[in-house]
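Student: Take a look at the following structure, please.
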Amino acid sequence: MNGVSFEVKEKNIVALIGPNGAGKSTVLNLISGNLTPDAGEIRFQGEELTNKSIQEIARKGIGRSFQTPAVFPQLTVLENVLATLISHKRQWYSLFSTLPDGIVQEARRLLEYFGIGNYSGELARNLAHGDKRRLEFAMCLAINPSLLLLDEPTQGMSAHETRQFIKDIQELTRKRGVTTLLVEHDMSVVFSISDQVIVLNRGTLLASGSPQEVKANTAVREAYLGNEG
Amino acid sequence: MSRRDSWVLVILLAGSGLAGFFLDTYYLNVGTEVITAVIFAMSYNIALGYGGLVSFGHSFFYGLGAYSVAIILRDTSLGFPIGMLIGMALSAFFGAVVAYVTRRSREVYFAILTLGFSQVAFFIIFTWYEFTEGDNGIFGFNVGRILSAPRNFYWLTVILAVAWFWVLLRVVHSPFGLTLKAIRDHEDRSKFIGLYPDKHKIIALTVSAVGSAMAGSLYAGMSKLVHPNLLHWMTAAQPLFMTLVGGINSFWGPAVGAVVYKIAEVFLGQITERWTLFIGVVLLAIALIAPNGLVGLVRRGERRTNPAPAGTRGKPDVTPVQ
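Note that the protein sequences, when read in sequence, are chains A and B.
So in my numbering, spot 40 of the first sequence is number 47, and the numbers just go up one at a time.
So in my numbering, spot 151 of the second sequence is number 165, and the numbers just go up one at a time.
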């Protein structure tokens with residue numbers, strides 16, 4: 008990354024777009040603590056996140072999804088969410104106790120919200136791609152996030168699933184006040200839900216603004232969108 | 015803990031306990047040896063099956079338990095229970111140390127590091143002649159009037175084994191147990207939900223070490239003989255074999271594997287010196303036909319005779335650890 012600086016306003020949906028190798032996933036990795044920047048700083052709700060561990064950042068309410076859905080494959084769908092809830096409630100150190108009261112119901116509610124409640128007993132590795140993606144979202148929501156970092160969330164989804172995803176994200180923003188920063192290649196998704204679009208190219212910031220402004224930007228059209236975009 | 019697991023504990027306690035009334039001295043000692051192997055294998059599987067940690071260091075903890083009993087009984091009047099508790103406490107400490115040192119290592123590097131620890135311990139025991147009597151070993155120590163009777167020692171082993179299995183069941187079904195499995199499945203992903211894999215591994219390996227030490231202590235009390243080979247890497251490989259044969263993805267799998275292994279050792283060993291060939295053949299068969307071990311094979315058969323209801327999506331490639 009070279010001199011990339013941007014701000015994500017609270018309760019906004021911000022899309023990060025750009026050609027392959029632009030640094031989009033790198034930005035998500037830097038924010039989530041998976042990479043440490045050589046220079047610069049990252050601030051979240053007024054607090055500096057730079058050099059904090061992945062776990063510390065997750066505990067501040069920053070949820071992350073990945074290009075390839077990352078779940079716990081040999082755990083059941085329900086156990087995936089339970090493990091996340093247990094960690095969020097800081098109960099992982101309980102060696103001899105049973106699961107905290109209400110946690111199973113909370114996990115089931117999250118699975119129902121994303122329409123995968125029927126698969127709660129299924130091993131996560133056996134889920135179809137779209138269902139794995141929804142399971143990942145359920146795990147993100149289990150940490151009660153203020154910020155969601157979503158890496159190509161609609162990749163591999165059908166048109167129907169993509170429409171449902173758009174509805175879910177908009178509802179999260181409206182009802183729960185969740186801020187979303189998503190990396191996306193599907194421009195129909197980007198321009199339908201984003202409050203702000205940030206364009207990267209080869210590690211530099213090419214443009215930042217409303218969807219209309221970015222669409223009209225000549226440099227962005229040349230580098231990424233094309234003249235039909 | 016499921017009702018099935020509770021019944022297994024009850025049946026083990028009752029069945030093994032009752033058997034103690036009818037077995038002669040030879041079979042009481044065989045029974046004790048089999049049960050200590052089961053404790054060893056099931057403790058080991060906390061690290062392997064639940065933690066994803068392939069360790070070649072568990073002979074360190076096993077031997078520590080055995081030598082603690084032997085030395086305490088040889089040099090003091092503290093008695094067998096104290097000797098065993100000291101062995102378990104020492105193993106808890108060294109288990110945490112080994113886990114801390116190896117916390118950033120994964121897979122083959124973790125295995126090699128644990129092998130290093132066990133072989134350093136082997137070397138110390140082998141050469142510290144003044145304290146451990148080196149390759150002569152320590153033998154003939156007195157476990158006390160009551161425990162000298164094979165039947166009493168057998169019952170003590172049964173009670174401790176069932177109690178330990180209850181502890182392990184609580185651990186694996188606890189919030190810690192579930193998050194440990196999550197870390198085993200995808201360590202990097204687990205960090206993004208706020209888990210600290212290092213801490214989990216330290217706790218898992220410590221619990222595993224304590225159980226291994228208990229097994230070593232009971233073995234020493236039964237055989238009244240300890241020797242440096244108890245810390246050799248080949249001893250460390252035994253619970254790995256047992257767990258693979260029985261099934262690493264099942265709580266009771268290592269117990270099944272340990273029984274098969276020990277019965278082969280004791281009974282086939284009387285017929286031929288090449289009893290390990292049988293173990294090798296079984297391991298090959300397991301690897302080729304039943305990667306989930308014998309327990310997985312039984313479960314597969316159960317699913318064939320009682321297929322899942324229509325509408326169930328797919329079937330698991332690997333049975334989840336229960």
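Yeah, the Cβ is synthetic: ideal placement off N, Cα and C, and Gly gets one too.
Bear in mind that the values here come from a model prediction, so they are computed numbers and not experimental data.
Exposed or buried, what is B/Trp-21 when buried is set at 16 or more other beta-carbons lying within 10 Å of its beta-carbon?
Tutor: It counts as exposed.
Student: Just to make sure I have the definition right: I need the residues of chain B whose C-beta is within less than 9 Å of the C-beta of A/His-95. Which are they?
Tutor: Per Cβ cutoff of 9 Å: Ile-207 and Gly-208.
Student: Among the residues of its own chain, which have a CB less than 7 Å from the CB of A/Val-221, if the five just before and after it don't count?
Tutor: So the qualifying residues of the chain are Val-204, Val-206, Ala-214 and Val-227.
Student: Does the beta carbon of B/Leu-192 come closer than 9 Å to any beta carbon on chain A?
Tutor: With 9 Å as the cut-off, B/Leu-192 counts as an interface residue toward chain A.
Student: I want to verify the contact list: residues of chain A whose CB lies under 9 Å from the CB of B/Val-185, in sequence order.
Tutor: Here the neighbours are Leu-102 and Phe-103.
Student: Ignore the nearest five residues each way along the sequence and tell me which others in B/Thr-220's own chain have a CB closer than 8 Å to its CB.
Tutor: Only Ala-106, Gly-109, Ala-110 and Ala-113 meet the Cβ criterion.
Student: Taking 9 Å as the cut-off, decide whether the C-beta atoms of B/Phe-265 and B/Leu-182 are in contact.
Tutor: Yes, the pair counts as a contact, with Cβ atoms nearer than the cut-off.
Student: Going by DSSP in three states, B/Ser-237 sits in which element: helix, strand or coil?
Tutor: Helix, per DSSP.
Student: Closer than 8 Å: is that where the CB of B/His-214 sits relative to any heavy atom of the ligand PLP?
Tutor: Annotation note on the ligand PLP: not contained in the displayed structure, which lists no ligands.
Student: Measuring CB atoms only, is the segment 222–229 of chain B touching the segment 23–30 of chain B, in the sense that at least three cross pairs come out at less than 8 Å?
Tutor: No: the two stretches stay apart, fewer than three of their Cβ pairs being nearer than 8 Å.
Student: Expressed to the nearest angstrom, what Euclidean distance is found between the alpha-carbon atoms of B/Phe-281 and B/Leu-62?
Tutor: Taking the straight line from one Cα to the other gives about 28 Å.
Student: B/Ala-196 and A/Asn-87 - do their beta-carbons sit closer together than 9 Å?
Tutor: Cβ atoms of A/Asn-87 and B/Ala-196: closer than 9 Å.
Student: Using a cut-off of 8 Å between C-beta atoms, extract the partners of B/Ser-82 located in chain A.
Tutor: Chain A residues near B/Ser-82: none, gap ~24 Å exceeds 8 Å.
Student: Taking the beta strand (DSSP E) that A/Arg-71 belongs to, which residues open and close that run?
Tutor: Per DSSP, A/Arg-71 belongs to the beta strand (DSSP E) from 69–71.
Student: Note the first and the last residue of the continuous beta strand (DSSP E) segment covering B/Thr-141.
Tutor: Premise fails: B/Thr-141 lies in the alpha helix (DSSP H), 121–141, not in any beta strand (DSSP E).
Student: Do we get a CB-CB distance below 9 Å when we pair B/Pro-323 with the residues of chain A?
Tutor: For B/Pro-323, the pLDDT reaches just 49, beneath the cut-off of 50, and the residue's location in the model is therefore unreliable, although a value from the coordinates is still provided. Taking Cβ atoms only, chain A never reaches closer than 9 Å to B/Pro-323, which makes this a no.
Student: Does the structure place the segment 231–246 of chain B close enough to the segment 157–168 of chain B that three or more beta carbon pairs sit under 8 Å?
Tutor: Touching, yes.
Student: From A/Leu-212, A/Gly-25 and A/Lys-16, pick the residue whose C-alpha is nearest to that of A/Met-194; which is it?
Tutor: With distances taken between Cα atoms, A/Met-194 lies closest to A/Gly-25.
Student: With 16 as the cutoff for other CB atoms within 10 Å, does B/Phe-137 come out buried or exposed?
Tutor: That one is exposed.
Student: In this structure, how does DSSP classify B/Phe-155 when only helix, strand and coil are distinguished?
Tutor: Note: B/Phe-155 maps to coil in three-state DSSP.
Student: On a Cα-Cα basis, can you pick out the residue from A/Asn-9, A/Asn-36 and A/Ala-29 that is closest to B/Asp-202?
Tutor: If we check each option's Cα against that of B/Asp-202, A/Asn-36 comes out closest.
Student: Which first and last residues belong to the alpha helix (DSSP H) in which A/Asp-138 is found?
Tutor: Note, A/Asp-138: alpha helix (DSSP H), 136–149.
Student: Leaving aside the five residues before and after B/Asp-331 along the sequence, list all residues of the same chain whose C-beta is less than 6 Å from its C-beta, in chain order.
Tutor: Any reading at B/Asp-331 must be qualified, since the residue scores a pLDDT of 29, below 50, and its modelled position is unreliable; the value itself is stated next. Counting only Cβ-Cβ distances below 6 Å, and skipping sequence neighbours, we find nothing.
Student: Tell me the rounded alpha-carbon separation between A/Val-21 and B/Lys-205.
Tutor: The straight-line gap from Cα to Cα measures roughly 24 Å.
Student: When the Cα atoms are used, what is the spatial distance from B/Ile-240 to B/Ser-188?
Tutor: In the sequence as presented, Ile is not what sits at residue 240 of chain B; that position holds Val. Straight-line Cα distance between these residues: approximately 36 Å.
Student: Can at least three beta-carbon pairs, one atom from the segment 110–118 of chain A and one from the segment 164–172 of chain A, be found at a separation below 8 Å?
Tutor: In short, these stretches do not touch, since the Cβ pair count stays below three.
Student: Measuring only between beta-carbons, confirm whether A/Pro-283 sits less than 9 Å from chain B.
Tutor: The first residue shown for chain A is 8 and the last is 236, placing residue 283 of chain A beyond what the model contains.
Student: Do B/Thr-171 and B/Thr-50 have their beta-carbon atoms positioned less than 9 Å apart in this structure?
Tutor: For B/Thr-50 and B/Thr-171, yes; Cβs fall inside 9 Å.
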